[in-house]
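There are 2 protein chains.
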Amino acid sequence: MARRSDHNRGELHDIALSAARKIALTEGLKGLTARKVADEIGYSPGTLYNVFGDMDDLIIQLIAQTLDELYIYLASVRGEGNPIDDLKLILEKYIKYLEGHRNLWNILFEHQLPNDRSLPDWYTIKLAKLLGIIENALSPIFPSGQEDACANSARVLWASLHGLNSLSEAGKMRTVSAQSFQELAEILIVCFVKGLQQTQKEIDTTMPEVH
Amino acid sequence: MARRSDHNRGELHDIALSAARKIALTEGLKGLTARKVADEIGYSPGTLYNVFGDMDDLIIQLIAQTLDELYIYLASVRGEGNPIDDLKLILEKYIKYLEGHRNLWNILFEHQLPNDRSLPDWYTIKLAKLLGIIENALSPIFPSGQEDACANSARVLWASLHGLNSLSEAGKMRTVSAQSFQELAEILIVCFVKGLQQTQKEIDTTMPEVH
DNA sequence: TAATATATTGAACATTGTTCATAATCAACC
DNA sequence: GGTTGATTATGAACAATGTTCAATATATTA
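Which chain is which? The protein sequence lines are A and B, in order. Mapping of the first sequence onto my numbering: position 14 corresponds to residue 40, and the numbering continues sequentially without gaps. Mapping of the second sequence onto my numbering: position 14 corresponds to residue 40, and the numbering continues sequentially without gaps.
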């Protein structure tokens, strides 16, 4: 058989990703197989390989879509210029997103590209956009000219939240009294940001501004 | 064929784990298959299932062994009671271990137990022992009676380091100017600990000791 | 209408984890 | 030593995975 005019290439790409998203939401990474996606869209497994290079490709695109989605979700947060408060608001929204998309979101850190392959540029760009939200919240701490330091701090915070979420999700962090992810994340945010502020204060004292 | 008296149950268990470790060191989680382990020890795949419940079981035991190994490695660090300095020493040793055991160590966070299974108690105990090292380094910050807060902070730090390592390993954190894991981890440690200390100071000021 | 291009297929391959009847060996007893 | 019985390793077999590709059915063009 061949050549149905049900969908063109682009449409196929989109409905396949939608199907993948649907499966991922309920079954997670392990349930996300080529055959299931193919079944879901009413095409054969082989067809997927005309649209995606391989399953890793499809998964990366699904993750990228998810990054976009979270970005839109978090971009609605209106901060007031206080890093700790603003980050707590962002965290709250982040957690709300997580709760509705657990299995989908976990794919973000469960999936690992083979060592010999690296992430495409458009992926890195989407990620940078999301990190921009954290950078923005942290920016009041850093004087102009220290944008790199701010970006690094945002990445540290981002990765740390990942770690917290990942380990508590996997049950690899049985805490003293069953602390929730949110509680631990707030400890992280409060202490980390306070530390950043303290560091800046120390720099100001040691090297006073030149007028 | 059957019943060779080459090895008893316990020996089989040990040489299988050794073989798994060897494979894991060079090929990581994806290369760690039942057939490869069986080949390596000169037995058939089926034999593995007389010794381990399944591959997840074997992998959990491999991870536990690795936790033990890292504990012994890190326990040799002699701190001086300054949390930041001590944690930096621990970090240095941790990184040294990582460098020699990259693929093995990554299994720790790459591997995910199916949702319906939870980690055995002896695993949690080994993990707690390792966390004790961080708790110990943090302990000067906390007054007695706040052991739980100390334990929570240690867990936050541990998970955060995981996140940093995991994302930088996966190339999912392309930093501004190619910061190394060590640089980012030091930012985390310094800021987080400063924040903890600052928080304690604030508590002391607000609620002065009762004599 | 005929020829050409192309999209879809699904059977096929190599690998996975895992199971289990079979067979080989050891231990005990006569 | 021989027979029996329990135990243990086996490897073929199964289902499921990602992936490939010759065959084929349909659109498009001439």
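All residues carry an ideal CB built from backbone N, CA and C; glycine is no exception.
Using the beta-carbon count (16 or more within 10 Å), is residue 181/A buried or exposed? buried
Along chain A, which residues have their Cβ under 7 Å away from the Cβ of residue 200/B? 150
Given 8 Å as the limit, is there contact between the region 121–133 of chain A and the region 39–57 of chain A, that is, 3 or more CB pairs closer than that? yes
Any C-beta of chain A within less than 7 Å: which residues of the region 155–186 of chain B qualify? 174, 177, 178, 179, 181, 182, 185 and 186
At a CB distance below 8 Å, what residues from the region 125–139 of chain A approach chain B? Give them in sequence order. 135, 136, 138 and 139
Comparing alpha-carbon positions, which option in 183/A, 106/A, 209/A and 119/A lies nearest residue 194/B? 183/A
Quick one: is residue 112/B buried, meaning 16 or more other Cβ sit within 10 Å of its Cβ, or exposed? buried
Residue 199/B - DSSP class collapsed to helix/strand/coil: coil
Helix, strand or coil for residue 104/B? Go by DSSP, reduced to three states. coil
When you check each C-beta in the region 64–85 of chain B against every C-beta of chain A, which residues fall closer than 9 Å? none
Out of curiosity, what's the CA-to-CA distance linking residue 85/B and residue 117/B? 25 Å
Residue 142/B (DSSP reduced to helix, strand or coil): coil
For residue 176/B and residue 164/B, what's the separation of their Cα atoms in angstroms? 7 Å
Could I get the ranges of all uninterrupted alpha helix (DSSP H) runs contained in the region 112–200 of chain B, with 4 residues as the minimum, in chain order? 128–136, 147–164 and 173–195
Cutoff 8 Å; reference residue 108/A; Cβ partners in own chain excluding five residues on either side: 166
Report yes or no: do the region 141–161 of chain B and the region 93–100 of chain B share at least 3 C-beta pairs separated by less than 8 Å? yes
Three-state secondary structure (DSSP) of residue 78/A: coil
Short CB-CB distance (under 8 Å) between residue 224/B and chain A: yes
Limits of the unbroken alpha helix (DSSP H) element including residue 39/B: 35–57
Anyone know if the C-beta pair for residue 221/B and residue 219/A falls short of 8 Å? yes
Under three-state DSSP, which class holds residue 226/A? helix
Just verifying my parser: in three-state terms, what is the DSSP assignment at residue 94/B? helix
Please list the partners that residue 213/B has in chain A, where partner means a Cβ-to-Cβ separation under 7 Å. 178, 179 and 182
Considering only residues of the same chain and omitting the five flanking positions on each side of residue 210/B, which have a CB-CB separation below 6 Å? 190
Among 133/B, 114/B, 142/B and 76/B, which residue has its Cα nearest to the Cα of residue 240/B? Here chain B comprises residues numbered 27 to 237, so residue 240/B is not present and cannot be evaluated.
Spell out whether any CB of chain A is found under 8 Å from the CB atom of residue 190/B. yes
Could you tell me which chain B residues have their CB closer than 9 Å to the CB of residue 219/A, listed as they occur along the chain? 217 and 221
Interface residues of chain B around residue 205/A at Cβ under 7 Å? 178
Alpha-carbon spacing of residue 224/B relative to residue 223/A, whole angstroms: 10 Å
How would you write the range of the alpha helix (DSSP H) that residue 32/B sits in, first residue to last? Neither: residue 32/B is in no alpha helix (DSSP H) and is coded neither H nor E.
In this structure, does DSSP put residue 72/B in helix, strand or coil? helix
Could you tell me if residue 231/B is buried or exposed, where buried requires 16 or more neighbouring beta carbons within 10 angstroms of its beta carbon? exposed
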